[in-house]
Structures are given as structure tokens and as C-alpha cells.
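A.B. asks: With positions in the sequence shown counted from 1, the corresponding number in our numbering is that position plus 101.
My questions all concern the structure below.
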Amino acid sequence: MAMFMLGNADLHMASHLNTLALRAYQACEVSRSHKGFVETQSQLRVFWTLASLDIDLAFRIGIPPIISDLSDKDLPTENTSDPVGYPEVRGMNCGADIVRMRAELARIQLDTYRQLLSRSLTESRTIGSGSGKLESKYPFSVPAS
102 MAMFMLGNAD LHMASHLNTL ALRAYQACEV SRSHKGFVET QSQLRVFWTL ASLDIDLAFR
162 IGIPPIISDL SDKDLPTENT SDPVGYPEVR GMNCGADIVR MRAELARIQL DTYRQLLSRS
222 LTESRTIGSG SGKLESKYPF SVPAS
């Protein structure tokens, strides 16, 4: 449903639905153990689809993503027998693993988001401390909230 809502003008609804899906995934993952390789890979593909959607929506809307750390989460395997996220590409003798590529991109996006967030926090502290470095570079008044 969250993917369907991406076509809508209100991305906040898609973000809320994706957040609910991520919470449901986390609850199911904690409550049951993975039996084998195929089930584990299927679960990883579901997680990375939800995580990449969460990070993409966070960038579009301007909110922090629900997922805070992806460094310890395994990526799905590159060569899978699941044809859903592995479409054939003309001119190549193998397909493109869309889910894995999107998962790698999600890690990069989350790292970028963290760097931007830490930079903006540092800059806001600099402005608040009265040093004037950023105030002279960006001459504008911040309204009191």
C-alpha cells in the first residue's frame, strides 16, 4: 500500500504506511527464527525493500528515517533464484539484482543523511554560540519559535 501511495501527492501517508510495515516486520522477525537459506533471503529482501523505501521517503519529505543503522544488517545475496527482484537486462548474459543494488544505495543514503544531519547540528550550534561565521555567510534572520 505504501508503494501505491507513492503515486499520490501526499507522501506523508506513504511514510506512515511504510513505518507501520517496518514495525510489523521487526515484530515478526523477533518472534520467529529463520528456518533456511531461502526463507532468510526472502526476509532480507523484504527488509531491504522497506528500509530503502523508508530512507527514500525520509529524504523526500525531510524527516528522519525510522531505520537508524544499517551497518550490521546483511545484504541479500547477489545471485538469487528469485526472479522478482532480478529482471533480465538486454545485452547482458545475466540480470540486474535490483533489490541488492537498492540496498547498497540505501546504506549510502543513510550515511549521507547522517553527515548532513551532523553538519546541520554543528552549524546550528555555531549560529547559536554567536560566533558569527555562518551568520555573515548566510545573512538572514531566524524567526523565534
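Ideal placement from N, C-alpha and C gives every residue a C-beta, glycine not left out.
Quick caveat, the model's predicted, so the values are computed rather than measured.
W149 and A197: beta carbons closer than 8 Å?
C.D. replies: In this structure, A197 does not lie closer than 8 Å to W149 by Cβ.
A.B. asks: Return the CA-CA distance between Y239 and R220, expressed in angstroms with no decimal places.
C.D. replies: Any reading at Y239 needs caution, since the residue's pLDDT is 47, under 50, leaving its predicted position unreliable; the model's value is listed next. Answer to the nearest angstrom: the Cα atoms are 15 Å apart.
A.B. asks: Within the segment 191–217, note down every full beta strand (DSSP E) run reaching 3 residues or more, in order along the chain.
C.D. replies: DSSP runs (the beta strand (DSSP E)) wholly in the segment 191–217: none.
A.B. asks: For L145, report the span of its alpha helix (DSSP H) as first-last.
C.D. replies: It spans F138 to I162 - the alpha helix (DSSP H) in which L145 sits, taken as one unbroken run.
A.B. asks: Taking the C-alpha atoms as reference points, what is the distance between L154 and R191?
C.D. replies: Roughly 27 Å separates the two Cα atoms.
A.B. asks: Residues in its own chain within less than 8 Å of T120 by CB, not counting five upstream and five downstream?
C.D. replies: Within the same chain, T120 has close Cβ partners D155 and I167.
A.B. asks: My guess is that S162 and H113 are in contact by the Cβ rule of under 8 Å, so how many angstroms apart are they, rounded?
C.D. replies: Checking the sequence, you will find Ile at residue 162 rather than Ser. Correct: roughly 6 Å between the Cβ atoms.
A.B. asks: Any idea what DSSP makes of F178, helix, strand or coil?
C.D. replies: Residue identity differs from the one stated: residue 178 is Thr in this sequence, not Phe. The answer is coil: DSSP assigns T178 none of H, G, I, E or B.
A.B. asks: Mind reading off the beta-carbon distance from P177 to R146? Whole number of angstroms is fine, and I expect it under 8 Å.
C.D. replies: Going by Cβ atoms, the distance from P177 to R146 rounds to 5 Å, so yes, they are a contact pair.
A.B. asks: For L218, does the count of other Cβ atoms within 10 angstroms reach 16, so buried, or fall short, so exposed?
C.D. replies: The residue is exposed, with fewer than 16 neighbouring Cβ atoms inside 10 Å.
A.B. asks: Going along the chain, which residues of its own chain have a beta-carbon closer than 7 Å to the beta-carbon of L158, five neighbours each way excluded?
C.D. replies: L112, A115, S116 and N119.
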